[in-house]
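Residue numbers (our numbering), protein chains in the order written: chain A, 1 to 248; chain B, 249 to 577; chain C, 578 to 845.
Written out as structure tokens, the structure reads:
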């Protein structure tokens with residue numbers, strides 16, 4: 001997309017240092033690292049986004065219903081959420097990834113979402129519990145609005161900024177999780193991602209041979225992307241929370 | 249009568265933007281005499297809380313002191329820096345009890361610790377035992393249980409917390425106490441207890457004078473000697489209790505008094521006033537009388553130029569068509 | 578004393594919150610009748626149980642025990658369509674003009690939403706016409722507020738819009754929970770006059786929940802004093818407030834500051 005060249009094209013010898021022809025050198029397969037990096041960033045962000053979207057939708061739905069309904073519904077959903085929270089997410093990730101016959105990008109994103117939705121659910125549930133005591137909810141009931149409509153129009157809009165911020169964090173988390181999975185060799189198949197680049201660097205002794213260009217760029221990219229997302233998160237808070245703005 | 253506090257032309261604004269100010273206190277002058285209870289009454293947004301704050305000399309951002317003086321014993325406290333204010337003036341000469349301060353008590357401290365902290369801030373040389381001894385003595389003399397000192401704030405009722413605060417804020421016998429809405433959010437019985445406590449303290453000369461800020465005039469009717477009515481950042485009438493409550497001169501005061509609903513014989517037959525609109529935006533107060541846009545007897549003259557406080561039938565009124573009263577009180 | 582039709586009845590209402598050791602008895606076996614077209618004040622200080630009672634009457638929370646009868650039927654049995662019909666006839670006004678409206682809706686949408694409970698099929702044009710008329714009933718210029726959001730309006734305007742909503746729905750009973758306690762004195766007069774207009778023009782019964790004894794005295798035909806979940810005294814405003822009999826009521830009335838009677842404050 002950003003480069004007309006294919007990342008899998010072999011263009012040189014293995015671990016060639018950066019030069020004018022290949023700005024970030026070549027990797028263990030002789031491929032251009034810079035081209036791979038661009039491709040890899042795109043893949044990692046894709047996984048992060050998809051897992052973030054799925055986790056947010058699932059978590060928000062479960063959290064809102066649990067917080068609003070209360071009583072036994074809340075109890076059941078809470079137990080479910082806690083179940084997922086208690087088991088180390090990485091263990092679940094590994095188990096799921098291992099048991100998949102094919103590991104496509106979207107499937108890996110789904111797997112990651114399966115372990116990250118509980119955080120959203122928890123946060124959203126707490127927000128919903130507190131929002132449902134507001135007077136406009138009572139007014140909606142007195143207008144004859146049903147529970148579903150109330151959750152959608154009276155509760156969800158009030159949580160929008162909060163959910164968006166949680167979503168941003170989910171995307172960052174998704175990118176990190178993908179990197180972790182890929183480094184264990186359990187990431188998406190037949191593609192290039194930042195994590196996969198790192199796993200190659202590990203497995204093909206880039207560190208020992210001093211080929212820093214094979215792993216520093218991916219690491220740096222992961223760090224910059226997640227850091228930027230955290231900054232976006234903080235920035236969003238200032239936009240959505242007028243009180244913070246006034247002190248500026 | 250001795251003048252304890254003289255306020256001259258005080259202006260205090262909230263700076264909310266580079267060029268935008270909320271003119272909360274906009275040219276206020278008043279005098280507090282020794283031994284009196286001065287009530288400052290008005291509806292929300294009139295500037296009474298800001299005025300209360302200004303009287304303590306503490307102008308914390310975004311509140312800025314623009315001009316005017318607050319003379320305490322002849323010394324202008326608006327010119328004193330915060331450190332000296334806290335050390336020499338607050339608590340000793342003038343004690344300020346902010347609104348809702350009873351809810352701002354540190355929940356993790358027992359009252360006795362709070363008292364010690366507070367006293368140490370003003371008098372670092374006092375020993376802890378001395379502070380507590382004074383506190384116990386004072387509580388005793390005011391018929392407040394000493395057990396309160398050992399309690400946490402959440403263990404006390406709202407009324408008890410407020411009375412504790414009042415007692416503690418006056419341990420050093422300040423000349424002046426400024427209490428901002430000390431009775432709002434309390435139920436009726438607690439309210440009366442707080443007012444009685446304040447009255448007892450004045451009687452015993454624990455403080456010399458009291459400035460009582462509230463939006464509920466019937467309360468002032470029980471304790472105040474004089475009342476100042478505030479509207480849109482200005483004082484629009486000052487007079488004795490009887491003058492202001494029973495023979496109001498300013499049309500706004502009259503409207504406010506007519507809006508008071510009390511459980512008294514004759515109340516049910518009263519017609520409530522119907523005044524349209526609301527107070528002006530204090531970011532851009534209008535020229536001339538600030539009540540003119542709602543006043544039933546406003547004329548063009550009212551809207552033209554700023555109106556000053558002037559003497560009328562024994563009180564001060566900011567109006568060029570004040571309502572005449574039959575008998576001067 | 579009252580011979581009109583009884584429109585709403587409460588019998589031995591009880592509400593307990595929580596369970597076991599931490600349970601709170603908020604409402605303790607109270608009973609009263611609401612007559613058509615009358616103003617009844619439920620007066621209590623904080624913690625008296627008056628707000629809980631209001632929520633039960635509005636069918637927003639279920640009583641633990643007891644009956645609430647509307648036109649002869651127990652509202653606890655109302656489900657689905659019957660519940661909607663109840664709300665067609667019994668509505669509420671709340672205390673907080675800030676939290677009572679969905680901040681994401683325009684006033685037009687808020688009022689149109691309230692029309693749904695009426696259950697009639699109305700065209701868009703008819704709906705807007707009714708909303709505008711309701712706003713005019715509360716002395717608000719519709720063009721000034723219809724397209725605005727709640728945060729753009731003052732507390733007094735919002736509270737009047739809450740009353741406009743009642744004019745729109747035209748219920749038989751309105752339960753007003755401290756409708757003026759967050760409003761300044763001068764504006765309050767306007768709101769109270771509008772409430773009286775509801776009664777005078779539409780014959781609506783008003784259950785006025787308040788802690789303010791002066792207001793209760795001024796507005797009501799009948800007064801109920803609540804203390805710690807019980808009704809300790811009831812009667813006409815004259816009986817209950819000017820000549821109270823129950824010791825709690827007496828103490829309460831004594832502590833209310835009036836203009837012509839002064840407390841004996843100074844000692845000695």
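Backbone N, C-alpha and C define an ideal beta-carbon position, used for all residues, glycine too.
All of these numbers come straight from a predicted model, not from anything done at the bench.
Secondary structure of residue i, DSSP reduced to three states
i: residue 267(B); result: coil
i: residue 532(B); result: coil
i: residue 560(B); result: strand
i: residue 13(A); result: coil
i: residue 133(A); result: coil
i: residue 245(A); result: The predicted position of residue 245(A) is uncertain, since its pLDDT is 48 and thus under 50; a value taken from the coordinates is nonetheless stated next. Three-state DSSP puts residue 245(A) in a helix.
i: residue 538(B); result: coil
i: residue 579(C); result: For residue 579(C), the predicted structure reports a pLDDT of 45, less than 50, and the residue's modelled location is therefore unreliable. The matter cannot be settled from this model.
i: residue 276(B); result: strand
i: residue 420(B); result: coil
i: residue 460(B); result: strand
i: residue 828(C); result: helix
i: residue 260(B); result: strand
i: residue 94(A); result: helix
i: residue 822(C); result: coil
i: residue 844(C); result: With a pLDDT of 45 at residue 844(C), under the threshold of 50, the modelled position of that residue is not reliable, and the figure given next carries that caveat. DSSP places residue 844(C) in coil when its eight states are reduced to three.
i: residue 252(B); result: strand
Range of the contiguous beta strand (DSSP E) that encloses residue i
i: residue 782(C); result: 782-787
i: residue 388(B); result: That residue, residue 388(B), is in no beta strand (DSSP E); its alpha helix (DSSP H) goes 376-389.
i: residue 693(C); result: Where residue 693(C) is concerned, there is no enclosing beta strand (DSSP E), given that its DSSP letter is neither H nor E.
i: residue 486(B); result: 482-488
i: residue 807(C); result: 807-812
i: residue 29(A); result: Looking at the DSSP string, residue 29(A) is not in any beta strand (DSSP E), and its letter there is neither H nor E.
i: residue 775(C); result: First-last for residue 775(C): 762-779, but that is the alpha helix (DSSP H), not the beta strand (DSSP E).
i: residue 518(B); result: Element bounds for residue 518(B): n/a, residue is neither H nor E.
i: residue 754(C); result: 750-754
i: residue 474(B); result: 474-479
i: residue 802(C); result: 799-804
Nearest-angstrom Cβ-Cβ length linking residue i and residue j, presumed shorter than 8 angstroms
i: residue 195(A); j: residue 52(A); result: Wrong, their Cβ atoms sit about 16 angstroms apart, outside the cutoff.
i: residue 33(A); j: residue 214(A); result: 6 angstroms
i: residue 192(A); j: residue 39(A); result: 5 angstroms
i: residue 525(B); j: residue 493(B); result: Their Cβ separation, rounded to whole angstroms, is 24 angstroms, which puts residue 525(B) and residue 493(B) out of contact at 8 angstroms.
i: residue 427(B); j: residue 461(B); result: 7 angstroms
i: residue 436(B); j: residue 832(C); result: 5 angstroms
i: residue 481(B); j: residue 271(B); result: 5 angstroms
i: residue 466(B); j: residue 756(C); result: 20 angstroms between Cβ atoms; not a contact.
Run of the alpha helix (DSSP H) containing residue i, from where it starts to where it stops
i: residue 648(C); result: Premise fails: residue 648(C) is in no alpha helix (DSSP H) and is neither H nor E.
i: residue 162(A); result: 156-183
i: residue 286(B); result: Taken as a continuous stretch (DSSP letters only), residue 286(B) belongs to no alpha helix (DSSP H), being part of the beta strand (DSSP E) at 285-289.
i: residue 313(B); result: That residue, residue 313(B), is in no alpha helix (DSSP H); its beta strand (DSSP E) goes 311-320.
i: residue 579(B); result: Only positions 249 to 577 of chain B appear in this structure, which leaves residue 579(B) out of reach.
i: residue 726(C); result: Segment: none, residue 726(C) is in no alpha helix (DSSP H) and carries neither H nor E.
i: residue 548(B); result: 548-552
i: residue 468(B); result: 465-471
Residue i Cβ short of 7 angstroms to the ligand HEM heavy atom set
i: residue 671(C); result: Of ligands this structure carries none, so the ligand HEM is not represented either.
Interface partners of residue i on chain F, CB under 7 angstroms
i: residue 623(C); result: Checking the listed chains, one finds no chain F in this structure; the protein chains it contains are A, B and C.
Across the stretch 176-194 of chain A and the stretch 88-101 of chain A, are there enough close Cβ pairs to call them in contact, namely three or more that are closer than 8 angstroms?
A contact exists between the stretch 176-194 of chain A and the stretch 88-101 of chain A.
Could you check whether the stretch 668-679 of chain C touches the stretch 708-717 of chain C, counting it as contact only if at least three pairs of C-beta atoms, one from each stretch, sit closer than 8 angstroms?
no
Between the stretch 779-798 of chain C and the stretch 618-632 of chain C, do three or more beta carbon pairs fall short of 8 angstroms?
yes
Give a yes or no on contact between the stretch 250-265 of chain B and the stretch 307-317 of chain B, applying the rule of three or more CB pairs nearer than 8 angstroms.
yes
Give, in chain order, every unbroken run of the alpha helix (DSSP H) that is at least 4 residues long and sits entirely within the stretch 427-456 of chain B.
Entirely contained in the stretch 427-456 of chain B, the alpha helix (DSSP H) runs reaching 4 residues are, in chain order, 436-451.
Alpha helix (DSSP H) runs wholly inside the stretch 585-671 of chain C, at least 4 long, in chain order:
Listed in chain order, they are 627-634, 657-666.
Any contact between the stretch 281-289 of chain B and the stretch 464-481 of chain B? By contact I mean 3 or more CB pairs, one from each, below 8 angstroms.
yes
Taking 8 angstroms as the threshold, find out whether the stretch 809-821 of chain C comes into contact with the stretch 418-425 of chain B through three or more Cβ pairs.
no
If you pair each beta-carbon of the stretch 755-769 of chain C with each one of the stretch 501-516 of chain B, do three or more pairs fall below 8 angstroms?
yes
Taking the runs of the beta strand (DSSP E) that are 3 residues or longer, which of them lie wholly in the stretch 57-84 of chain A?
none
Could you pull out every unbroken alpha helix (DSSP H) segment of at least 4 residues lying fully inside the stretch 295-367 of chain B, listed in chain order?
296-303
Could you tell me whether the stretch 583-599 of chain C touches the stretch 641-653 of chain C, using the rule of 3 or more Cβ pairs below 8 angstroms?
yes
Given 8 angstroms, three or more beta-carbon pairs between the stretch 58-67 of chain A and the stretch 112-127 of chain A:
yes
Does the stretch 365-373 of chain B come into contact with the stretch 448-461 of chain B, if we say contact requires no fewer than three beta-carbon pairs (one atom in each stretch) closer than 8 angstroms?
no
Decide yes or no for the touch test of the stretch 138-157 of chain A against the stretch 9-25 of chain A: beta carbon pairs closer than 8 angstroms, at least 3 of them.
no
Please specify which runs of the beta strand (DSSP E), each continuous and at least 3 residues long, are wholly inside the stretch 185-240 of chain A, giving them in chain order.
none
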